[in-house]
Structure formats: C-alpha cells, structure tokens
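A short write-up of the structure that comes next.
Protein chains: 2
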Amino acid sequence: MTKIKATNITWHEGHVGREERETLLEQKGALVWTTGLSGSGKSTIAYTLEHALVQRGHLAYVLDGDNIRHGLNKNLGFSAEDRTENIRRIGEVGKLFVDTGVLTVTAFISPYREDRAIARETVGEGNFFEVFCDTPLEVCEERDPKGLYKKARAGEIKGFTGIDDPYEAPEKPELVIDTSKVSPQEAAVQICEMLEKAGKISALGE
Amino acid sequence: MTKIKATNITWHEGHVGREERETLLEQKGALVWTTGLSGSGKSTIAYTLEHALVQRGHLAYVLDGDNIRHGLNKNLGFSAEDRTENIRRIGEVGKLFVDTGVLTVTAFISPYREDRAIARETVGEGNFFEVFCDTPLEVCEERDPKGLYKKARAGEIKGFTGIDDPYEAPEKPELVIDTSKVSPQEAAVQICEMLEKAGKISALGE
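Chains A and B, in that order, are what the protein sequence lines are.
For the first sequence, the working numbering begins at 119 and goes up steadily by one.
For the second sequence, the working numbering begins at 119 and goes up steadily by one.
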C-alpha cells in the first residue's frame, strides 16, 4: 500500500481489518450454512433467522437460489460439475460477506459432502456453522412446495436429490434440526443461541 | 414464504428488505466502481475511501484482485471471454453487497466499456458510481507498482491493457480523477461528496 501522508485527518496505512468492521457492527461475521433436501425447511429457517437477527439490531443477509441462481450462478446448470462450481462460488461469496462482518445465511440443498467441506475450508473453521435440516424425505415430499418431487417421481426431472441423486448427510454438523418436529421460530432461536455461544452476537439483554 | 404464526415475538412474513438493513446501518448501499489503467491509482483510492468511510462510522468493503482473483474468480484467466466473466461476477457480487446495504468499492482495470455497462445494469442505475482514474499512461508506466509495464514492454506479458490491449475510457463516468494531479485523500473526499449528494451517506455534522 502506498504510504499516505496525513493532512487534517488521520489516514491509516494498510487496509481496514475485519475487526474494525465487526466493532462498528457490534457483531462478528459468520456463515450459517443450511443443508438438506428440497422442502426440508432451509429457506424458511434462513429467512426466519434473518428476521430474528435484524430485529435484534444485527446485519444479516440470506444467499439462496433466488439471488444466486438468477445472478452470479445463472451460467451454471445442474450437472455434478456445475453443482460443485455452484457451491464453490457460494463459499467464496460467503467468505467475502464474513470478512465484511455480516451474519450470512445460505439456503442451498448442497447435497455433496465434499462440496460442503470445501465451503467450510474456504470460509474457515470458527466462521462456518453447518445446520443440517434433517427432515424425513416423506415429510419433504408431502410438503413439495415447488411441485418438484411430483415431477421427479414422474420422471420429468432427472437427477433430483433424494429421488435419483444422492443426499450425503453431514457427519459433524454444528446443529441438526428436524422441521417436522421443530418450528422455524424454535430453529431460529437455537441458531441464535449457537451464535451467542460462539461469540458472534451478544446474548439478549447483555 | 411459509406463513409463520407469532408466538412471543412479532415475526414478519416475507423477507427483510434492503431498506430495513439500510435503516439499521444509517447508510444506503452503493457500488463505487473505479476503472483505469494498471497503476492509475484505483486500489489506493479504494482503500483510502474505505478508511474514510469506516472512520465516519460507515460499513464499507473493497473488492479487488486480492480477494476476487484468488477466490471467487481463481478459475478465470485473462482471455477476452474470461475477462468478461470476471467483470460479470464482480457486478453480481456487487449487487448482493449493495442489497445488504454495504458501501462497496471495486478496484479492477475493467478495460471494456460493454463489460462495465453490464455491471452498471446489474447493480442498477442510482446504485452504481463509475469513477474513472484518468491518469496518463506515462505516469502509470513510470509508477509501475507491480513491474508489469516493464514485462509487457519486454513482451513477457501479452495482452496488457494500455500496451497491446485496449483500454476503453468511460463515456459518462460519475467522476473523473487524474491521480497525477489529485491525492488519494482528495479523491476520497470527492467520492464522499458524491455519495452525500446521492443520499447514500449523511454529510459530516448532520
């Protein structure tokens, strides 16, 4: 970095650090990575959590299919190679968001263990919180919010996770939530408690 | 979005809007896109601006070669096609940052007019501030901070912007800065004034 001489303001040398932004925000950057079958409750939990965090005065942001698949990753399909690249890019964007100090929540099926491991490594241990939405397939299929299971069963969609493409369950997720038993609000509360324990946000009333 | 019934907290339906985050942050999301030759002062201006904004209590973040070319775009080279994809992805990430409410600053040569036009369209008019670092080539080459002009002149690097690859100057940039005449601090002050006038940040003392 070019040395900048002070005039009337104290100009730093070097870059603003993550810590300075975190001090400003009164929170620490983190990536809450939800994973699970289609219909397992990832998006609902993500948006409920985002609301809970914003209500508590925190800066939170959700990355999901709506803003990623139609934007950054609109040039990717659903082949194994493209799925891997999809998750790789999301991990890299997550890393930038965490460096900015944002409490970031992703909602992608992310079915492959190795892809999630790469995202974890990219974002860094201590910043990455894997939340496994472990809702039984029959419940997800019953919900079928986008009508995709019906199409997959009818053979209209090929390579659908849980039907004719594997979902590799996390081995050591930071949290497991079965949304057939736990409400989105309860899930959000559990995730907030996890973030409190990890020192990412203050406990309520502190 | 699934309807969520209130328990002890008022849970919103739908997503947290950009406006809610902007209210929280007391600023509005914007993308300051610096463009110009290698050595024209883009990075120095970007980091000086970031410091100035953080000192004023604002959340700011720089996207540059260090965090993009080694991360999100590490699978891209320097062919015309890859340069276009490089800028496309940066525009898409910029859009997400602006939606989060962050004052975002990019520092990339971004030599092609059409690529910058796509970024502007992605981020949206009113959110995109093109800052043309219009420093004369001979000054940039004299500075040669990374020794790249020397290598390009020696033929060791092919397709180097300004030497054997074109730089297409912006036609209607929001701001023009010649860093052979204007200091990084003065440049940062000019950009802050531009952001104040656009209602992205409050004027000092307000």
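From the three backbone atoms N, C-alpha and C, an ideal C-beta is built for every residue, glycine too.
TODO: Measuring alpha carbon to alpha carbon, tell me which of B:Ile309, B:Asp184, B:Phe226, B:Leu142 ends up nearest B:Glu168.
DONE: Working through the second sequence from its first residue, we reach residue 168 of chain B at position 50. When each option's Cα is compared against that of B:Glu168, the closest is B:Ile309.
TODO: State yes or no: is the beta carbon of B:Asn204 nearer than 8 angstroms to at least one beta carbon in chain A?
DONE: By one-based count along the second sequence, residue 204 of chain B stands at place 86. B:Asn204 does not count as touching chain A.
Open item on the list: Measuring straight from C-alpha to C-alpha, what distance separates B:Ala198 and B:Phe247?
Closed with: Taking the second sequence and counting its residues from 1, one reaches residue 198 of chain B at position 80. Taking the second sequence and counting its residues from 1, one reaches residue 247 of chain B at position 129. Spanning the two alpha carbons is a distance of roughly 24 angstroms.
Task: C-beta neighbour in chain A for B:Thr218, strict 8 angstroms - done: Indexing the second sequence from 1 puts residue 218 of chain B at position 100. True, the Cβ-Cβ gap to chain A drops below 8 angstroms.
Open item on the list: So, at 7 angstroms on beta carbons, what are the nonlocal neighbours of A:Lys276 in its own chain, with the 5 sequence-adjacent residues on each side left out?
Closed with: For the purposes of this step, residue 276 of chain A is identified with residue 158 of the first sequence, where counting begins at 1. Cβ within range, chain order: Asp282.
Open item on the list: Can you confirm whether A:Lys330, when its beta carbon is compared against all beta carbons of chain B, has any partner nearer than 8 angstroms?
Closed with: Within the shown structure, residues of chain A are numbered from 119 to 324, placing residue 330 of chain A beyond reach of any answer.
Open item on the list: List, from N- to C-terminal side, the alpha helix (DSSP H) runs of 4 residues or more that fit wholly inside the segment 143 to 177 of chain B.
Closed with: Counting whole runs of 4 or more residues, the segment 143 to 177 of chain B contains the alpha helix (DSSP H) stretches 160 to 173.
TODO: Mind listing the chain A neighbours of B:Arg139? Cutoff is C-beta to C-beta under 9 angstroms, in chain order.
DONE: Here residue 139 of chain B corresponds to residue number 21 of the second sequence, with the count starting at 1. Within 9 angstroms Cβ-Cβ: Val172, Leu177, Ala178, Tyr179.
Task: Best match in B:Val172, B:Pro229, B:Glu260 for proximity to B:Val223 [C-alpha to C-alpha] - done: Counting from 1 along the second sequence, the entry for residue 223 of chain B is found at position 105. Distances from the CA of B:Val223 to each of B:Val172, B:Pro229, B:Glu260 were compared; the closest alpha carbon is that of B:Val172.
TODO: Let me know if A:Leu322 comes out buried or exposed under the rule of 16 or more other beta-carbons within 10 Å of its beta-carbon.
DONE: Your numbering for residue 322 of chain A matches position 204 in the first sequence. Exposed.
Task: Chain-ordered neighbours of B:Glu168 on chain A, where CB pairs are closer than 9 angstroms - done: For the purposes of this step, residue 168 of chain B is taken as residue 50 along the second sequence, with counting starting at 1. The contacting residues are His133, Val134.
Open item on the list: Closer than 8 angstroms is the cut-off here; do at least three beta carbon pairs connect the segment 150 to 157 of chain A with the segment 185 to 198 of chain B?
Closed with: Not touching, per the Cβ criterion.
Open item on the list: Just to confirm my understanding: we take B:Ala316, look at its own chain, exclude 5 residues before and 5 after, and list those with CB closer than 6 angstroms. What are they?
Closed with: Residue numbering aside, residue 316 of chain B sits at position 198 when the second sequence is read from its first letter. Nothing listed; no residue qualifies.
Task: Among B:Ile227, B:Asn245, B:Leu142, the one whose alpha carbon lies nearest that of A:His176 - done: One-based indexing of the first sequence puts residue 176 of chain A at position 58. It is B:Leu142.
TODO: Thinking B:Val249 and B:Gly212 are a contact (beta carbons under 8 angstroms), I'd like their distance in whole angstroms, please.
DONE: In the second sequence, the residue the question calls residue 249 of chain B occupies position 131. In the second sequence, the residue the question calls residue 212 of chain B occupies position 94. Taking C-beta atoms under 8 angstroms as the contact rule, B:Val249 and B:Gly212 fail to qualify, at a distance of about 14 angstroms.
- [ ] From the DSSP output, read off the bridge partner residues of A:Ala235.
- [x] In the first sequence, the residue the question calls residue 235 of chain A occupies position 117. Bridge partners of A:Ala235: none, in fact.
Open item on the list: Against chain A, does B:Arg339 count as a neighbour if the rule is that its beta carbon must be under 8 angstroms from one of theirs?
Closed with: The shown model of chain B, from 119 to 324, leaves out residue 339 of chain B, and the question about it has no answer.
TODO: Tell me whether B:Phe226 sits in a helix, a strand or coil according to DSSP, three-state version.
DONE: Along the second sequence, read from residue 1 onward, the residue named residue 226 of chain B stands at position 108. Looking at B:Phe226 - three-state DSSP - the assignment turns out to be coil, as it is neither helix nor strand.
Task: Helix, strand or coil at B:Thr253 [DSSP, three-state] - done: For this step, residue 253 of chain B is matched to residue 135 along the second sequence. DSSP places B:Thr253 in coil when its eight states are reduced to three.
TODO: Report, in whole angstroms, the separation of the C-beta atoms of B:Ile295 and B:Ile163, which I expect to be a contact under 8 angstroms.
DONE: Your numbering for residue 295 of chain B matches position 177 in the second sequence. Your numbering for residue 163 of chain B matches position 45 in the second sequence. The C-beta distance from B:Ile295 to B:Ile163 rounds to 7 angstroms, short enough to fall under 8 angstroms.
Open item on the list: According to DSSP, B:Glu248 sits in a beta bridge with which residue or residues?
Closed with: The residue you call residue 248 of chain B lines up with position 130 of the second sequence. Paired residue(s): B:Trp151.
Open item on the list: Taking 8 angstroms as the threshold (beta carbon to beta carbon), is B:Trp129 in contact with chain A?
Closed with: Residue numbering aside, residue 129 of chain B sits at position 11 when the second sequence is read from its first letter. In this prediction, B:Trp129 has a pLDDT of 47, which is less than 50 and means its spatial position is unreliable; nothing more can be read from the coordinates.
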